[in-house]
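Residue numbers (the working numbering): 707 to 784.
Take a look at the structure set out below.
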Amino acid sequence: MNADMIAAWAVENGFLAIDSRNYRRHDNEGVITIEIKRMSFLLIDERQGLRPRLISRLFKDIPLTSGSGRFQVPLLDR
């Protein structure tokens with residue numbers, strides 16, 4: 707797992723690049739921001755009417771799915 711894989715996942719899933727390390731997606735429920743750090747990433751989920759939810763994961767802790775070589779980001783339950 708690395709920053710490039712997270713960035714590619716973000717773009718494939720409708721996030722717009724703010725810069726090379728920050729991605730944002732707007733929908734009817736709110737805003738989700740992904741900030742890619744050196745060894746981890748931070749997901750900020752700001753749903754309307756709720757307190758922001760912060761989720762941080764180290765790249766090494768995100769499992770790749772077997773077979774396809776792709777990973778799952780078990781963070782977005784929208």
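In this text, a Cβ means the ideal position worked out from N, Cα and C, and glycines have one as well.
Quick caveat, the model's predicted, so the values are computed rather than measured.
Check whether the segment 757-765 touches the segment 718-731, taking contact to mean three or more Cβ pairs, one atom from each stretch, closer than 8 angstroms.
The count of Cβ pairs closer than 8 angstroms, one atom from the segment 757-765 and one from the segment 718-731, stays below three, leaving the stretches out of contact.
Looking only at C-alpha atoms, which of 748, 746 and 735 sits nearest to residue 755?
Taking each of 748, 746 and 735 in turn and checking the Cα distance to residue 755, the smallest one comes out for 735.
Boundaries of the beta strand (DSSP E) in which residue 694 is found, first to last residue:
The requested residue 694 is not part of the displayed model; the chain covers only 707 to 784.
For residue 713 and residue 745, the rounded distance between their alpha carbons:
Cα to Cα, residue 745 sits roughly 13 angstroms from residue 713.
Short Cβ contact (9 angstroms threshold) for residue 750 with residue 738:
The answer is yes: Cβ separation under 9 angstroms.
On the three-state DSSP scale, how would you describe residue 765?
Helix, per DSSP.
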